[in-house]
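**Q** Here it is, the structure in full.
Number of protein chains: 2
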Amino acid sequence: MPDTLSLTFSALADPTRRAMLARLSRGEASISDLGKPFRKRMSLPAITKHVKVLERAGLITKARRAQQRPCKINPEALKDVADWMEQYRQYWEESFDRLDAYLKTVTATEPKKGDTDEQSK
Amino acid sequence: MPDTLSLTFSALADPTRRAMLARLSRGEASISDLGKPFRKRMSLPAITKHVKVLERAGLITKARRAQQRPCKINPEALKDVADWMEQYRQYWEESFDRLDAYLKTVTATEPKKGDTDEQSK
DNA sequence: GCTTTATTTAACCATACAGTTAATTAACTA
DNA sequence: TAGTTAATTAACTGTATGGTTAAATAAAGC
Numbered sequence: 344m345p346d347t348l349s350l351t352f353s354a355l356a357d358p359t360r361r362a363m364l365a366r367l368s369r370g371e372a373s374i375s376d377l378g379k380p381f382r383k384r385m386s387l388p389a390i391t392k393h394v395k396v397l398e399r400a401g402l403i404t405k406a407r408r409a410q411q412r413p414c415k416i417n418p419e420a421l422k423d424v425a426d427w428m429e430q431y432r433q434y435w436e437e438s439f440d441r442l443d444a445y446l447k448t449v450t451a452t453e454p455k456k457g458d459t460d461e462q463s464k
Numbered sequence: 344m345p346d347t348l349s350l351t352f353s354a355l356a357d358p359t360r361r362a363m364l365a366r367l368s369r370g371e372a373s374i375s376d377l378g379k380p381f382r383k384r385m386s387l388p389a390i391t392k393h394v395k396v397l398e399r400a401g402l403i404t405k406a407r408r409a410q411q412r413p414c415k416i417n418p419e420a421l422k423d424v425a426d427w428m429e430q431y432r433q434y435w436e437e438s439f440d441r442l443d444a445y446l447k448t449v450t451a452t453e454p455k456k457g458d459t460d461e462q463s464k
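Sequences listed follow chains A and B, in order.
Going by the working numbering, the first residue of the first sequence is number 344, and it counts up by one from there.
Going by the working numbering, the first residue of the second sequence is number 344, and it counts up by one from there.
Structure (structure tokens):
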């Protein structure tokens with residue numbers, strides 16, 4: 344069982360699933376709604392599987408209404424990714440102001456030990 | 344061949360590789376430097392492979408200095424991820440100010456067609 | 001030239017992942 | 001109750017991924 348962040352990143356590592364998220368950012372949608380753009384290329388079970396991956400990664404939640412399973416975006420997982428990204432902001436932003444602020448908070452709290460192993464596997 | 348963004352996300356979907364990036368955010372490091380925290384658990388060829396994944400995803404670049412291969416973070420790929428994330432900022436931020444601004448730019452340029460298919464596969 | 005250090009390649013293995021078709025379940029509709 | 005719609009499960013297939021050990025390459029150092 345991989346950690347949640349790995350699960351989330353790997354869910355995002357597929358254009359079909361990213362397109363589904365994009366669709367959901369325009370509002371709730373059922374499984375078949377989500378699958379519509381891909382039905383020429385992909386079977387319905389394949390669609391269900393993709394949705395399940397998004398769900399397991401915490402990126403969406405699924406409810407039940409009659410036969411439908413309306414899905415919507417779940418902010419939690421996206422926030423985790425955003426938080427992780429934040430520590431690298433310095434690398435893609437020209438201004439280093441945020442880095443200064445960040446380094447101040449980090450060097451203040453962390454005991455500055457050697458090579459760290461964040462593994463959970 | 345998957346698109347670059349998919350390649351990047353899938354490179355980030357592994358705690359070993361994220362730890363390597365974290366190490367690199369503290370400065371350049373050779374392959375064996377990068378592998379040091381994992382050597383109890385993982386062989387050197389495994390390390391090389393992980394580095395290769397990061398490289399292929401555009402997250403790092405590798406140079407050559409004598410026998411060493413000093414690696415450093417490449418901002419490009421991180422920026423692509425950050426840019427992609429930006430469109431979902433509304434979901435994890437309590438303030439919706441940025442959403443307003445974003446929606447203004449998007450609804451202005453996009454012709455507002457039906458279900459879109461961003462696929463490249 | 002031989003040895004050591006740093007990294008890579010080759011060959012292999014097990015498991016995970018993305019897709020398929022066929023069958024099944026669940027809830028509504030006539 | 002029979003039929004339709006929405007989604008899922010089962011069983012299977014091919015390919016990608018993450019690891020291994022053993023062998024090869026490349027640059028330095030003696």
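Don't be surprised by glycine CBs; every beta carbon is placed ideally from N, CA and C.
Note that the coordinates shown come from a computational prediction; the quantities given were computed from them, not determined experimentally.
Mind checking A:P388: buried by the 16 CB within 10 Å criterion, or exposed?
**A** Per the 10 Å Cβ criterion, exposed.
**Q** With three or more C-beta pairs closer than 8 Å as the rule, is the stretch 369-378 of chain B touching the stretch 367-374 of chain A?
**A** Contact fails: fewer than three Cβ-Cβ distances are below 8 Å.
**Q** Run through DSSP, which three-state label would A:A400 get?
**A** Here A:A400 sits in coil by DSSP.
**Q** So the beta strand (DSSP E) B:K415 belongs to, where does it begin and stop?
**A** That run of the beta strand (DSSP E) goes C414 to I416.
**Q** I'd like to know if B:S353 contacts chain A, where contact means its C-beta is closer than 8 Å to some C-beta of that chain.
**A** B:S353 counts as touching chain A.
**Q** With a cut-off of 8 Å on the beta carbons, I'd call B:Y431 and A:L421 a contact; round off their distance for me.
**A** Sure, about 5 Å apart at Cβ, within 8 Å.
**Q** Buried or exposed: B:R361, going by 16 or more other Cβ atoms within 10 Å of its Cβ?
**A** B:R361 is buried by the Cβ-count criterion.
**Q** Of all the residues that make up the stretch 398-425 of chain A, which are near chain B by a beta-carbon distance shorter than 7 Å?
**A** Answer in chain order: I416, P418, L421, K422, V424 and A425.
**Q** Is A:A356 close to chain B? Criterion is C-beta to C-beta, closer than 8 Å.
**A** It does; some Cβ of chain B falls within 8 Å.
**Q** List the residues that DSSP assigns as beta-bridge partners of B:A372.
**A** Beta-bridge pairing links B:A372 to B:C414.
**Q** Determine which residues share a DSSP beta bridge with A:R408 and list them.
**A** Beta-bridge pairing links A:R408 to A:Q411.
**Q** Output needed in chain order: residues of the stretch 355-382 of chain B with a Cβ under 9 Å from some Cβ in chain A.
**A** Residues passing the 9 Å Cβ filter: L355, A356, D357, P358, T359, R361, A362, L364, A365, R366, S368, D376, K379, P380 and F381.
**Q** Mind the definition here: the stretch 415-429 of chain A touches the stretch 399-407 of chain A only if three or more C-beta pairs lie below 8 Å; say whether that holds.
**A** Yes: at least three Cβ pairs fall under 8 Å.
**Q** Among A:D346, A:D357, A:T347 and A:Q433, which residue has its Cα nearest to the Cα of B:T347?
**A** Measuring from the Cα of B:T347, the nearest candidate turns out to be A:D357.
**Q** Checking 8 Å against the spacing of the C-beta atoms, do B:F381 and A:F352 come in under that value?
**A** Contact: no.
**Q** Between which residues of its own chain and B:I390 is the CB-CB distance below 7 Å, once the five residues before and five after are set aside?
**A** I374, L377, G378 and F381.
**Q** For a contact meaning CB atoms closer than 7 Å, what does A:S349 contact in chain B?
**A** The contacting residues are A356, D357 and P358.
**Q** Go to A:S349, then tell me how far its alpha helix (DSSP H) extends in each direction, as first and last residue.
**A** From DSSP, the alpha helix (DSSP H) with A:S349 extends over T347 to L355.
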